[in-house]
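Asker: Residue numbers (this note's numbering): 9 to 329. Glycine included, every Cβ here is placed at the ideal spot set by N, Cα and C.
#1: Suppose the cutoff is 6 Å on Cβ atoms and the five residues either side in sequence are ignored; what does the same chain contact list for residue 316 look like?
#2: What are the boundary residues of the beta strand (DSSP E) that residue 303 is part of?
#3: Out of curiosity, what's the CA-to-CA distance linking residue 175 and residue 56?
#4: Report, in whole angstroms, the separation of the C-beta atoms of residue 134 and residue 75, which I expect to be a contact under 8 Å.
#5: Within the continuous alpha helix (DSSP H) that includes residue 32, where are the two ends?
#6: From residue 257 to residue 303, what does the alpha carbon distance come to, in whole angstroms?
#7: Going by beta carbon distance, what residues of the same chain come within less than 6 Å of residue 184, once the five residues before and after it are set aside?
#8: Under the rule that 16 or more other beta-carbon atoms within 10 Å means buried, what is residue 22, buried or exposed?
#9: Three-state secondary structure (DSSP) at residue 248?
#10: Residues in the same chain with beta-carbon distance under 7 Å from residue 301, minus the five sequence neighbours each way, listed in chain order, please.
#11: Span of the beta strand (DSSP E) holding residue 45?
#12: For residue 239, tell me which candidate among 33, 285 and 251 has the shortest Cα-Cα distance.
#13: Can the beta-carbon of residue 96 be found closer than 7 Å to that of residue 307?
#14: How many whole angstroms separate the CB atoms of residue 30 and residue 163, which I take to be in contact at a CB cut-off of 8 Å?
#15: If you reduce the DSSP assignment to three classes, tell me which class residue 214 lands in.
#16: May I ask you to verify whether the region 263-279 touches the region 142-150, counting CB pairs closer than 8 Å and requiring at least 3?
#17: Just confirm the distance between the C-beta atoms of residue 245 and residue 311, as a whole number of angstroms; I'd bet it's less than 8 Å.
#18: Taking DSSP's pairing of strands, which residues face residue 133 in a bridge?
#19: If you measure between the beta carbons of residue 53 and residue 131, is that distance less than 7 Å?
#20: Among the candidates 51, 83 and 33, whose CA atom is the shortest distance from the CA of residue 314?
#21: Would you kindly report the start and end of the unbroken alpha helix (DSSP H) that includes residue 18?
#22: Looking at the secondary structure, which residues open and close the alpha helix (DSSP H) in which residue 186 lies?
#23: Should residue 39 and residue 19 be called a contact, given that it needs their Cβ atoms to be closer than 7 Å?
#24: May I ask which residues mark the beginning and end of the alpha helix (DSSP H) holding residue 199?
#25: Using the C-alpha atoms, what's the distance from residue 60 back to residue 188?
#26: For a quick check, are the C-beta atoms of residue 26 and residue 160 less than 7 Å apart?
#27: Taking the alpha-carbon positions, what's the residue 282 to residue 247 distance?
#28: Taking the CB atoms as reference points, tell me whether residue 94 and residue 113 lie closer together than 7 Å.
#29: Spell out a yes or no on whether the region 215-232 and the region 107-126 are touching, meaning 3 or more CB-CB pairs, one atom from each, closer than 8 Å.
#30: Using the DSSP secondary-structure output, state which residues sit across from residue 315 in a beta bridge.
#31: What's the gap between the Cα of residue 215 and the Cα of residue 126?
#32: What residues match up with residue 141 in a beta bridge as DSSP calls it?
#33: In whole angstroms, what is the alpha-carbon distance linking residue 46 and residue 16?
#34: In angstroms, rounded to a whole number, what distance separates the CA positions of residue 11 and residue 241?
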């Protein structure tokens, strides 16, 4: 069983979810806690891997991939899919051996990716891939209600718009920017001095480049943490079927709940997918059956997450080499 964090550690984790590069001094001031205590605890959360701060720069066509796994092959098939660089998240969920992932793939590689590379994963079959047409919330925006709105605003250094599927597929980086992003993918809290050494440019240039990359939504800094340690041990994916003119209404309604980590409209049999994390099964039952958005839905298929093999491009600890 995953141990829950104590209240202060949860709030520090929540602050890092708002801005993964916020200084311990700024976080301590907002949380009204001693800076030395916040720095010690925050460093421990990062060093032990309870919280991992990384940069992500998704590009390409976003796809929601769903497949079934033959008996006994769910974990190896999931591990193979999670290990691919295109994969953003990958979950094993309840159902007849189900595996779900979000992947980003360049448009010209889609046929090869789906019909050759995915089909070659042992044990994985009955694959479907639906294209994301709109995001209502992505994981980097998720705020689980650990901070007040005023605290969130005080920590946030940048507006947090919802990223949308990009056209064209690629994001152009200069050689300096590629070096900065590569370093931040390994550790999203690397100092400007460390980034300057990695890119071979001055600290002042790094500051300007990084600020521009974030403001232009080419790079997102994410704090990755297991919801269970925040007191939300039940995670589920909801496939929502509805009439076309209700899609946006349901998508916006889902944003009213801090339980919703991710919500996207997509092509295919279902019109929306939501990732929710809750304190218990009773809360899941109420969220699906009694929330206002569910009155607009024609049907909802629920799958409980058994294992997150990858979150926000970060592999589960046991899968990291």
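Answerer: Judging by the given coordinates:
#1: Locating residue 316 in the chain shown gives position 308, counting from the first residue. Result list for residue 316: 99, in chain order.
#2: Here residue 303 refers to the residue found at position 295 of the chain shown. That residue, residue 303, is in no beta strand (DSSP E); it is neither H nor E in DSSP.
#3: Your numbering for residue 175 matches position 167 in the chain shown. Your numbering for residue 56 matches position 48 in the chain shown. Since pLDDT at residue 175 reaches only 49, below the 50 mark, its modelled position is unreliable, and the value read off the structure follows with that caveat. Approximately 38 Å between the Cα atoms of the pair.
#4: Translated into the one-based positions of the chain shown, residue 134 becomes position 126. Translated into the one-based positions of the chain shown, residue 75 becomes position 67. Yes, residue 134 and residue 75 are in contact; Cβ-Cβ is about 6 Å, under 8 Å.
#5: As a working mapping, residue 32 is identified with position 24 in the chain shown. Its alpha helix (DSSP H) spans residues 32-39.
#6: Walking along the chain shown from the start, residue 257 turns up at place 249. Walking along the chain shown from the start, residue 303 turns up at place 295. Going from the Cα of residue 257 to the Cα of residue 303 covers about 11 Å.
#7: Residue numbering aside, residue 184 sits at position 176 when the chain shown is read from its first letter. Taken in chain order, the residues that qualify are 207 and 209.
#8: For this step, residue 22 is matched to residue 14 along the chain shown. By the 10 Å Cβ count, residue 22 comes out buried.
#9: Taking the first residue of the chain shown as position 1, residue 248 is located at position 240. Strand.
#10: Within the chain shown, the letter at position 293 stands for residue 301. Once the five neighbours on either side are set aside, the close Cβ partners of residue 301 are 258, 261 and 262.
#11: For this step, residue 45 is matched to residue 37 along the chain shown. Here residue 45 belongs to no beta strand (DSSP E); instead the alpha helix (DSSP H) covers 43-55.
#12: Numbered from its first residue, the chain shown carries residue 239 at position 231. Of 33, 285 and 251, the residue nearest in Cα terms is 285.
#13: Locating residue 96 in the chain shown gives position 88, counting from the first residue. Locating residue 307 in the chain shown gives position 299, counting from the first residue. In this structure, residue 307 does not lie closer than 7 Å to residue 96 by Cβ.
#14: As a first step, residue 30 is located in the chain shown; it is residue number 22 there, counting from the start. As a first step, residue 163 is located in the chain shown; it is residue number 155 there, counting from the start. Indeed they touch by this definition, with Cβ atoms about 5 Å apart.
#15: For the purposes of this step, residue 214 is taken as the residue at position 206 of the chain shown. Helix.
#16: yes
#17: The residue labelled residue 245 in the question sits at position 237 within the chain shown. The residue labelled residue 311 in the question sits at position 303 within the chain shown. Yes, they are in contact, since the Cβ atoms of residue 245 and residue 311 sit about 5 Å apart, within 8 Å.
#18: Along the chain shown, read from residue 1 onward, the residue named residue 133 stands at position 125. Note: residue 133 sits in a beta bridge opposite 76.
#19: For the purposes of this step, residue 53 is taken as residue 45 along the chain shown, with counting starting at 1. For the purposes of this step, residue 131 is taken as residue 123 along the chain shown, with counting starting at 1. In this structure, residue 131 does not lie closer than 7 Å to residue 53 by Cβ.
#20: Translated into the one-based positions of the chain shown, residue 314 becomes position 306. For the residues 51, 83 and 33, the minimum Cα distance to residue 314 belongs to 83.
#21: Here the question's residue 18 lines up with position 10 in the chain shown. Run containing residue 18: 15-26, per the alpha helix (DSSP H) assignment.
#22: Here residue 186 refers to the residue found at position 178 of the chain shown. Counting along the chain, the alpha helix (DSSP H) containing residue 186 begins and ends at 183-194.
#23: Position 31 of the chain shown, counted from the first residue, corresponds to residue 39. Position 11 of the chain shown, counted from the first residue, corresponds to residue 19. Yes, the pair counts as a contact, with Cβ atoms nearer than the cut-off.
#24: Taking the first residue of the chain shown as position 1, residue 199 is located at position 191. Counting along the chain, residue 199 falls outside any alpha helix (DSSP H), and DSSP gives it neither H nor E.
#25: If you number the chain shown from 1, residue 188 lands on position 180. If you number the chain shown from 1, residue 60 lands on position 52. Each residue's Cα considered, the two are about 18 Å apart.
#26: To locate residue 26, count along the chain shown from 1; it is residue 18. To locate residue 160, count along the chain shown from 1; it is residue 152. Yes, Cβ-Cβ distance for residue 26 and residue 160 is below 7 Å.
#27: Taking the chain shown and counting its residues from 1, one reaches residue 282 at position 274. Taking the chain shown and counting its residues from 1, one reaches residue 247 at position 239. Straight-line Cα distance between these residues: approximately 7 Å.
#28: The count along the chain shown starts at 1 and reaches residue 94 at position 86. The count along the chain shown starts at 1 and reaches residue 113 at position 105. Yes, the Cβ-Cβ distance between residue 94 and residue 113 is below 7 Å.
#29: no
#30: Locating residue 315 in the chain shown gives position 307, counting from the first residue. DSSP lists 100 as partners of residue 315.
#31: Counting from one through the chain shown, the residue named residue 215 turns up at place 207. Counting from one through the chain shown, the residue named residue 126 turns up at place 118. Each residue's alpha carbon lies about 39 Å from the other.
#32: Working through the chain shown from its first residue, we reach residue 141 at position 133. DSSP, once it has assigned bridges, lists no residue as partnering residue 141.
#33: By 1-based counting over the chain shown, the position of residue 46 is 38. By 1-based counting over the chain shown, the position of residue 16 is 8. Cα-Cα distance, rounded: 8 Å.
#34: Here residue 11 corresponds to residue number 3 of the chain shown, with the count starting at 1. Here residue 241 corresponds to residue number 233 of the chain shown, with the count starting at 1. Each residue's Cα considered, the two are about 10 Å apart.
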